[in-house]
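Here the structure comes first, spelled out in structure tokens, and everything after it is commentary.
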Amino acid sequence: GIQVEQSPPDLILQEGANSTLRCNFSDSVNNLQWFHQNPWGQLINLFYIPSGTKQNGRLSATTVATERYSLLYISSSQTTDSGVYFCAVDLSGSRLTFGEGTQLTVNP
Amino acid sequence: DAGVTQSPTHLIKTRGQHVTLRCSPISGHKSVSWYQQVLGQGPQFIFQYYEKEERGRGNFPDRFSARQFPNYSSELNVNALLLGDSALYLCASSLTGHYGYTFGSGTRLTVV
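Protein chains in written order, with our numbering: chain A, 157 to 264; chain B, 171 to 282.
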């Protein structure tokens, strides 16, 4: 099956810092989504981005489908950005395959 | 509009028992998927249903089953519970089942 690798596994930042999270995947995909999982377990959809670049406030994402990677940028980080960030891809149109996530901690 | 709703939010069961988890998709969404998330790992795909038909099944034993009702809500059933079934069970809905998944808050199952 398709492999999804996320890096770094853990990231600790001071409030106000910028960060880049990476997702590599092993095959061509129909769908790629970035999620933020809050401490209560809710998966919040950040971006649906199978290709190209999107921005939403302090967050932006870029997927280079031909090179099989995606990047999530967080600028001017806030303590509320803490949590686990997951990249998930869909190869066949029926299921998401998740990476292991990046645990982000933003300190005040 | 309400998002994806799951019930119950928390559940404690004994080994060998049976459990039923419920999910109501976003209004208008015809696809429901189930995922299991063990602590410290990413969610793992269990099932997808679209228009009441099973569209996909992950690598889970036959103790896991699901169904989708005419109103597109869904149930996940797990028989003969094992300690290893303790996890957060997440439900996701999408319009077509091909992209744009929205997740519920999950049911946290503890098997003792």
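By construction, the Cβ of each residue, glycine as well, lies at the ideal position given by its N, Cα and C atoms.
Closer than 8 Å to chain B by CB, residue i
i        : result
A/Phe203 : no
A/Asn186 : yes
A/Gly257 : yes
Neighbouring residues, chain A, relative to residue i (Cβ below 7 Å)
i        : result
B/Tyr242 : Within 7 Å Cβ-Cβ: nothing; B/Tyr242 doesn't reach chain A, min ~16 Å.
Under 9 Å from the C-beta of residue i: neighbouring residues of chain C
i        : result
A/Ser231 : Checking the listed chains, one finds no chain C in this structure; the protein chains it contains are A and B.
Listed by chain order, chain B residues near residue i by CB distance under 7 Å
i        : result
A/Gln189 : Tyr271
Any chain A beta carbon closer than 8 Å to residue i
i        : result
B/Pro213 : yes
B/Gln289 : Shown here, chain B extends from 171 to 282; a query on residue 289 of chain B therefore has no answer.
B/Ser203 : yes
Interface residues of chain A facing residue i [CB-CB closer than 8 Å]
i        : result
B/Arg225 : Ser250
B/Ser197 : By Cβ distance, chain A contributes nothing, its closest Cβ being about 17 Å from B/Ser197, past 8 Å.
Close Cβ partners of residue i (< 8 Å) along its chain, the five nearest in sequence each way excluded
i        : result
A/Gln193 : Leu199, Ile200, Gly239, Val240, Tyr241, Phe242 and Gly257
A/Gly255 : Val160, Glu161, Gln162, Cys179, Phe242, Cys243 and Ala244
B/His188 : Asn247, Val248, Asn249, Ala250 and Leu251
B/Gly173 : Ile196, Thr272 and Gly274
A/Asn186 : Pro206, Asp246, Leu247, Ser248 and Gly249
B/Gly228 : Gln214, Phe215, Ile216 and Phe217
B/Thr184 : Leu251, Val281 and Val282
A/Glu171 : Ser233, Gln234, Thr235, Val262, Asn263 and Pro264
Contact set between residue i and chain B, taken where Cβ atoms lie within less than 9 Å
i        : result
A/Gly197 : Gln207, Leu258, Leu260, Ser275, Gly276 and Arg278
Contacting residues, own chain, Cβ-Cβ under 6 Å from residue i (five flanking each side not counted)
i        : result
A/Leu188 : Ile205, Pro206, Thr219, Ser226 and Val245
A/Ser182 : Ile158 and Gln159
B/Leu191 : Leu246, Tyr259 and Thr277
A/Leu252 : Ala244 and Asp246
B/Ile137 : Because residue 137 of chain B is not part of the residues shown, which for chain B are 171 to 282, the question remains open.
Closer than 9 Å at the beta carbon, the chain A residues around residue i
i        : result
B/Gly228 : Arg251
B/Gln218 : Ser250 and Arg251
Proximal residues to residue i (C-beta, below 7 Å), its chain only, five neighbours per side dropped
i        : result
B/Glu224 : Phe217
B/His199 : Tyr242, Ser263, Ser264 and Leu265
B/Pro178 : Thr277
B/Gly270 : Ser264
B/Ser256 : Leu279, Thr280 and Val281
(message) Using a Cβ distance threshold of 8 Å, determine whether the stretch 246-263 of chain A contacts the stretch 216-224 of chain A, with at least three qualifying pairs required.
(response) no
(request) Pull out every residue of the stretch 270-281 of chain B whose Cβ sits closer than 9 Å to any Cβ of chain A, in chain order. (result) Gly270, Tyr271, Thr272, Phe273, Gly274, Ser275, Gly276 and Arg278
(request) With 8 Å as the C-beta to C-beta threshold (strictly closer), list the residues of the stretch 220-254 of chain A near chain B in chain order. (result) Phe242, Ala244, Asp246, Ser248, Gly249, Ser250, Arg251, Leu252, Thr253 and Phe254
(message) Across the stretch 158-178 of chain A and the stretch 240-256 of chain B, are there enough close Cβ pairs to call them in contact, namely three or more that are closer than 8 Å?
(response) no
(message) Measuring CB atoms only, is the stretch 260-273 of chain B touching the stretch 180-197 of chain A, in the sense that at least three cross pairs come out at less than 8 Å?
(response) Yes: at least three Cβ pairs fall under 8 Å.
(request) Examine the Cβ distances between the stretch 213-230 of chain B and the stretch 198-205 of chain B and report whether three or more of them are shorter than 8 Å. (result) Judged by Cβ distances under 8 Å, the stretch 213-230 of chain B makes contact with the stretch 198-205 of chain B, as three or more pairs qualify.
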